[in-house]
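Student: The opening position of the sequence shown corresponds to residue 768 in the working numbering, with each subsequent residue numbered one higher. My structure is below; once you've seen it, I'll send some questions.
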Amino acid sequence: MKFRNILFSIVTAIILTACASAPPPINLLPMYGYPEVEKPENLKKADEDFIRMAISEQGSREKAAKAYAMYGMGFAMKGDSESAMRRYNQSWLLNPNSYLPYWGFGDLLLAQGKAAEAATHYEKALSLIDVESAKPNLLIDASGAYTAQGSSVTDKMKSAEFFNKANSLLNEAIKLDPKNGDAYIPWAKSLYLEGNYEKAWEMVKKSRSFPGKQVSPDFIDKLSKKMPEPK
768 MKFRNILFSI VTAIILTACA SAPPPINLLP MYGYPEVEKP ENLKKADEDF IRMAISEQGS
828 REKAAKAYAM YGMGFAMKGD SESAMRRYNQ SWLLNPNSYL PYWGFGDLLL AQGKAAEAAT
888 HYEKALSLID VESAKPNLLI DASGAYTAQG SSVTDKMKSA EFFNKANSLL NEAIKLDPKN
948 GDAYIPWAKS LYLEGNYEKA WEMVKKSRSF PGKQVSPDFI DKLSKKMPEP K
């Protein structure tokens, strides 16, 4: 009986290890893993069927792509990242020249801690975006990928490059829409991580002029420990 228990434990461990090391399904990879992953013919056929169905439902390929991107955003807001990735992939399948699925890929990858990959998709989205009113928020989200990289690398010069990029994106967002209060809190946090505490306080003060855009007390406490709030 003891031997059977030991054998069962070994087999279970092997199965769990295999599951843990198995690659994720391609519909949970941005762009289905393209171009590294080649889809089998049966999945290509399924894609064609899906495209026909989506166009029939929405009226055009472009409208369908936007609709599925919105579905993805809805799932992402609920915390269902797998369903969100599936919908963003379907949006990309319908229209690979739309900025929306790349924006979604960036958000999901950044949440997974894959900042470098996220930055690639954000940059693609920025190169394609054709809705000026949406660009400031895309710039703000994209800055997060560079802030994350700046705070994680040990090379000081490389870190400075990432933070400079984040600062540039946030500055552009504010220039495009000075009334967008969403930029100041992530900028304050980015500057804090960069070690520029005086500038971080400037962003905190600017955020206070936007109702509902206040910095959390925890962040204020952390920043105050590094540098008291200037009078």
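Think of the CB as a built atom: it goes at the ideal place given N, C-alpha and C, for glycine as much as any other residue. Fair warning: this is a prediction, and the values are worked out from it, not measured in the lab.
(1) Starting from the C-beta of K980, find all residues in its chain whose C-beta is less than 6 Å away, skip the five residues before and the five after it, and write them out in chain order.
(2) Anyone know if the C-beta pair for T914 and S983 falls short of 8 Å?
(3) Quick check on the burial criterion: 16 or more other C-beta atoms within 10 angstroms. Buried or exposed for S776?
(4) Using a 10 Å radius around the Cβ and a threshold of 16 neighbouring Cβ atoms, would you call T784 buried or exposed?
(5) When burial is assigned at 16 or more other CB atoms within 10 Å of the CB, is A927 buried or exposed?
(6) Between A912 and A892, which are expected to be in contact by the criterion C-beta below 8 Å, what is the C-beta distance as a whole number of angstroms?
(7) Taking all protein chains shown into account, decide if N864 is buried (16 or more other Cβ within 10 angstroms of its Cβ) or exposed.
(8) Going along the chain, which unbroken runs of the beta strand (DSSP E) with 3 or more residues stay wholly within the stretch 858-926?
(9) Pull up the distance between the alpha-carbon of Q825 and that of Y835, whole angstroms please.
(10) Would R854 be called buried (16 or more neighbouring beta carbons within 10 Å of its own) or exposed?
(11) Give the range of the alpha helix (DSSP H) segment to which G846 is assigned.
(12) Quick check: is the beta carbon of P790 nearer than 8 Å to any beta carbon in chain C?
(13) Given that a residue counts as buried once 16 or more other Cβ atoms are within 10 Å of its Cβ, and exposed if not, what is P807?
(14) Quick one: grab the DSSP three-state call for Q981.
(15) When DSSP labels each residue in this structure, what does P790 get in the three-state scheme?
(16) Does DSSP classify P797 as helix, strand or coil?
(17) Could you spell out where the alpha helix (DSSP H) holding M820 opens and where it closes?
(18) With C-beta atoms as the reference, is L990 less than 8 Å away from Y964?
(19) Spell out a yes or no on whether the stretch 937-946 and the stretch 896-903 are touching, meaning 3 or more CB-CB pairs, one atom from each, closer than 8 Å.
(20) Look at the Cβ atom of A878, then the Cβ atom of S848, and state whether they are nearer than 8 Å.
(21) Nearest by alpha-carbon distance to M970: which of Y838, W954 and S910 is it?
(22) Give the DSSP-derived three-state secondary structure of G962 in the structure shown.
Tutor: Result, derived from the coordinates:
(1) For the purposes of this step, residue 980 is taken as the residue at position 213 of the sequence shown. Cβ neighbours of K980 beyond the five flanking positions: G948 and S974.
(2) The sequence position of residue 914 within the sequence shown is 147, counting from 1. The sequence position of residue 983 within the sequence shown is 216, counting from 1. It is not a contact, given that the beta carbons lie outside the stated cut-off.
(3) Along the sequence shown, one-based indexing puts residue 776 at 9. Only weak support exists for where S776 lies, its pLDDT of 48 falling under 50; the value from the coordinates is given anyway. Exposed.
(4) Here residue 784 is taken as the residue at index 17 of the sequence shown, counted from 1. Summary for T784: the model assigns pLDDT 48, below 50, so the residue's position carries little reliability, and this model does not support an answer.
(5) Indexing the sequence shown from 1 puts residue 927 at position 160. A927 is exposed by the Cβ-count criterion.
(6) The sequence position of residue 912 within the sequence shown is 145, counting from 1. The sequence position of residue 892 within the sequence shown is 125, counting from 1. The pair is not a contact, with the Cβ atoms about 11 Å apart (cut-off 8 Å).
(7) As a working mapping, residue 864 is identified with position 97 in the sequence shown. Its Cβ having fewer than 16 others within 10 Å, N864 is exposed.
(8) none
(9) Position 58 of the sequence shown holds residue 825. Position 68 of the sequence shown holds residue 835. Whole-angstrom Cα-Cα distance: 10 Å.
(10) Along the sequence shown, read from residue 1 onward, the residue named residue 854 stands at position 87. Under this definition R854 is a buried residue.
(11) In the sequence shown, residue 846 corresponds to position 79, counting from 1. No alpha helix (DSSP H) holds G846; DSSP gives it neither H nor E.
(12) The structure shown contains no chain C; it holds only a single protein chain.
(13) Reading the sequence shown from its first residue, position 40 is the one you call residue 807. Its Cβ having fewer than 16 others within 10 Å, P807 is exposed.
(14) Translated into the one-based positions of the sequence shown, residue 981 becomes position 214. The answer is coil: DSSP assigns Q981 none of H, G, I, E or B.
(15) Position 23 of the sequence shown, counted from the start, is the residue given in the question as residue 790. Here P790 sits in coil by DSSP.
(16) Along the sequence shown, one-based indexing puts residue 797 at 30. P797 falls in the helix class under three-state DSSP.
(17) By 1-based counting over the sequence shown, the position of residue 820 is 53. Per DSSP, M820 belongs to the alpha helix (DSSP H) from E808 to Q825.
(18) The count along the sequence shown starts at 1 and reaches residue 990 at position 223. The count along the sequence shown starts at 1 and reaches residue 964 at position 197. Against a cut-off of 8 Å, the Cβ pair of Y964 and L990 comes out as a contact.
(19) yes
(20) Position 111 of the sequence shown, counted from the first residue, corresponds to residue 878. Position 81 of the sequence shown, counted from the first residue, corresponds to residue 848. Yes. Within cutoff.
(21) By 1-based counting over the sequence shown, the position of residue 970 is 203. Looking at the Cα atoms, W954 is the closest of the given residues.
(22) The sequence position of residue 962 within the sequence shown is 195, counting from 1. G962: coil per DSSP, three-state reduction.
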